[in-house]
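Data first, discussion second: the structure below is written as structure tokens.
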Amino acid sequence: MFAAQLHDLFGIYNLPKRFGAGNLFYRIYDIGSNLYRANYGTMAVASSSLLFLFIGKEIISPMVKKRCKMPIQLPVELVLVIITTLVTYIFDLHIQHGVGIVNKIPTGMPMPHLPEWKLIPRLLPDAVSIAVVVVAIHISLAKLFAKKLRYEINPGQELYALGLTSSLSGFFPVYPISCSLSGTMVNVEAGSKTRVVSTIFTCLFVLSIILYIGQWLETLPMCVLSAILIYALKGVFQKFSDLKVLWPLSKIDFAIWIVSFLATVFWNLTEGLLFSICFALLTTVLRTAWPRWHFLANAKGTNIYRDAERYRDVIHFDPNLPKCGFLNRHFIVDCSGFTFVDYMGVNALKEIYGELSNENVMVYFAAAKAPVRDLFDASGFYQYVPKHNFYPTIQDAVVFARSRKEKSNIFMPKEKLLSHDPLKELLKTQPNH
1 MFAAQLHDLF
11 GIYNLPKRFG
21 AGNLFYRIYD
31 IGSNLYRANY
41 GTMAVASSSL
51 LFLFIGKEII
61 SPMVKKRCKM
71 PIQLPVELVL
81 VIITTLVTYI
91 FDLHIQHGVG
101 IVNKIPTGMP
111 MPHLPEWKLI
121 PRLLPDAVSI
131 AVVVVAIHIS
141 LAKLFAKKLR
151 YEINPGQELY
161 ALGLTSSLSG
171 FFPVYPISCS
181 LSGTMVNVEA
191 GSKTRVVSTI
201 FTCLFVLSII
211 LYIGQWLETL
221 PMCVLSAILI
231 YALKGVFQKF
241 SDLKVLWPLS
251 KIDFAIWIVS
261 FLATVFWNLT
271 EGLLFSICFA
281 LLTTVLRTAW
291 PRWHFLANAK
301 GTNIYRDAER
311 YRDVIHFDPN
321 LPKCGFLNRH
331 FIVDCSGFTF
341 VDYMGVNALK
351 EIYGELSNEN
361 VMVYFAAAKA
371 PVRDLFDASG
381 FYQYVPKHNF
391 YPTIQDAVVF
401 ARSRKEKSNI
411 FMPKEKLLSH
421 DPLKELLKTQ
431 PNH
């Protein structure tokens, strides 16, 4: 659709049809290579429309809204449509300068008819993509305004309403049903408590256009409609500023943004979204496979432990301990960030405990949540690591480790526990020969 709006802005038509992968990219290329065919009258009207929208929506409308204390924005787009329609009709821009217009608009109520079932295989991929986006936006906005206005919503009821209205609208030539953030905000700012009243007025206005007013818009320039739609995408283009925030915050999220943008622009919307989702899932797998770890240090004057490299005002522990045959070196694992540990993770912790114990290092586990402790219990982890090595907080583990450190000259015999053997675990999964 964006490519079609660019055609109308420059007044360039009769270009080769493009479908499938890279549609938008090739369309932009076609327009750029055919700029010599651009209609200067159309470009002038489109440029003037964009300037009118900018001045009206960014300068005049906020000023009037602030001074007059209006709850809603000025209908700048409606004013633009009326003015350009009249100007085109009076000066006959369509005939004199070749400006494309809407032309004949059919009036009257369209009759319902059955959809063409043979089109379903061709439309199904795009329909699924549109449905996913519509549901995501609808539920997100519903929850957002429910929290703001302090009422409850039933997501199942929302989906039922979407499905019912979409099914009924399939019998008429209409666009897929979705919600609008701007339209919803207008209703909220106007003090509307329900969409019923506002929807009735909207339906009456659309009905009047279908039955009567539509014939008066025949001289509306197509480039004006394109200018309105492209200007409405201003917020989308402003999303590029997110890259400046994402880069120092998360390189992976930055990469997901770039890959999603490039895939949808240079490939196609449906395939690009699927590729972006797969790429995001891949980054999750990679982050799980190579997790980040930090040495923690005590923040001065508190019982809080933070990353020793990021925080300066912390107390570092002395790592230069004697390496005699006693358990005088201590290693504390902060489990507060563990939300779930799978079977391989449990085996990895067993192996770490066994290897460090062989090096005369006492291992402690601190701040493990109840679901993680239950998982350790169910997996037999406590047969390899005794329960008294678990502490409710990091501070408790540190206090106990320090008390043992002070008694480091006292030999502490190792407990007789099962030792984890990765090779033995692997052989258990192999069939007997």
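Residue numbers for the sequence shown, in the UniProt record's numbering: 1 to 433. We put the beta carbon where it would ideally sit given N, CA and C, even for glycine.
Boundaries of the alpha helix (DSSP H) in which residue i is found, first to last residue
i: Tyr343; result: Tyr343 to Asn358
i: Ile139; result: Ile120 to Leu149
i: His94; result: Leu93 to Gln96
i: Phe400; result: Ile394 to Glu406
i: Ile332; result: No alpha helix (DSSP H) contains Ile332, which is instead part of the beta strand (DSSP E) from Arg329 to Asp334.
Spatially closest choice to residue i from the options, by CA coordinates
i: Asn347; options: Lys300, Phe340, Ser379 and Tyr175; result: Ser379
i: Ile228; options: Val134, Ile153, Gly56 and Ser336; result: Gly56
i: Ala368; options: Leu93, Phe54 and Thr339; result: Thr339
i: Leu149; options: Ala127, Leu168 and Asn187; result: Asn187
i: Ser336; options: Leu114, Pro155 and Leu296; result: Leu296
i: residue 445; options: Val341, Ser403 and Pro371; result: With the chain running from 1 to 433 in the structure shown, residue 445 is simply not present.
i: Gly354; options: Pro386, Val341 and Asp377; result: Pro386
i: Leu159; options: His138, Phe376 and Thr270; result: His138
i: Lys244; options: Trp257, Ala131 and Leu233; result: Trp257
i: Val128; options: Tyr231, Leu168 and Leu274; result: Leu274
i: Val286; options: Ile252, Phe266 and Val206; result: It should be noted that the sequence gives Leu, not Val, for residue 286. That would be Ile252, whose Cα lies nearest to the Cα of Leu286.
i: Tyr343; options: Asn360, Leu375 and Leu356; result: Leu375
i: Pro112; options: Ser140, Ile82, Pro173 and Gln96; result: Pro173
i: Lys143; options: Lys234, Ala38 and Gln157; result: Gln157
Beta-carbon proximity of residue i to residue j, cut-off 8 Å
i: His330; j: Tyr364; result: yes
i: Leu162; j: Val135; result: yes
i: Thr219; j: Ile101; result: yes
i: Thr283; j: Gly272; result: no
i: Val99; j: Thr42; result: yes
i: Pro115; j: Gly170; result: yes
i: Ala370; j: Tyr391; result: no
i: Thr107; j: Gln215; result: yes
i: Leu80; j: Phe52; result: yes
i: Phe145; j: Thr88; result: no
i: Val64; j: Leu74; result: yes
i: Val398; j: Val372; result: no
i: Pro221; j: Val76; result: no
Residue i to residue j span [Cα, whole Å]
i: Cys203; j: Ile209; result: 10 Å
i: Lys69; j: Pro176; result: 35 Å
i: Phe261; j: His94; result: 37 Å
i: Gly20; j: Asn268; result: Its pLDDT being 45, under 50, Gly20 is placed unreliably in this model, and the coordinates cannot settle the point.
i: Val103; j: Leu217; result: Strictly speaking, residue 103 in this sequence is Asn, with Val absent from that position. Straight-line Cα distance between these residues: approximately 8 Å.
i: Asn358; j: Glu152; result: 57 Å
i: Tyr40; j: Cys223; result: 12 Å
i: Val333; j: Ile394; result: 8 Å
i: Ala255; j: Leu281; result: 13 Å
i: Ile304; j: Pro155; result: 40 Å
i: Leu349; j: Phe381; result: 9 Å
i: Val236; j: Asp242; result: 11 Å
i: Lys118; j: Ser276; result: 30 Å
i: Val201; j: Leu78; result: In the sequence as presented, Val is not what sits at residue 201; that position holds Phe. If I take the Cα positions, the gap works out to 16 Å.
i: Met412; j: Lys405; result: Interpretation of Met412 is limited by its pLDDT of 49, a score under 50 that renders its predicted location unreliable; the figure taken from the coordinates is listed afterwards. Rounded to the nearest angstrom, the two C-alpha atoms are 11 Å apart.
i: Lys239; j: Asp377; result: 47 Å
i: Gly345; j: Asn389; result: 18 Å
i: residue 495; j: Glu351; result: In the structure as shown, the chain starts at 1 and stops at 433, and residue 495 therefore has no counterpart that could be examined.
i: Ile60; j: Phe91; result: 27 Å
i: Ala38; j: Ala232; result: 23 Å
i: Ile130; j: Leu141; result: 16 Å
Own chain, CB closer than 6 Å to residue i, minus 5 neighbours either side, in chain order
i: Ser178; result: Val134
i: Phe279; result: Val259
i: Trp247; result: Phe254
i: Ile401; result: Looking at the sequence shown, residue 401 is not Ile but Ala. Answer for Ala401: His330, listed in chain order.
i: Ile410; result: Confidence is the limiting factor: at Ile410 the pLDDT is only 48, short of 50, which leaves the residue's position unreliable, though a coordinate-based value still follows. There are no such residues.
Residue i CB to nearest heavy atom of the ligand ADP below 7 Å
i: Ala366; result: Judged by which ligands are present, the structure shown has none, so any question about the ligand ADP falls away.
Nonlocal neighbours in the same chain, by C-beta distance under 7 Å from residue i, ignoring five residues either side
i: Lys147; result: none
Terminal residues of the beta strand (DSSP E) in which residue i lies
i: Arg37; result: That residue, Arg37, is in no beta strand (DSSP E); it is neither H nor E in DSSP.
i: Phe365; result: Val361 to Ala366
i: Ile258; result: Note, Ile258: premise wrong, no beta strand (DSSP E); alpha helix (DSSP H) at Lys251 to Phe266.
Cut-off 8 Å between Cβ atoms - residues of its own chain near residue i, not counting five sequence neighbours on either side
i: Tyr212; result: Thr107
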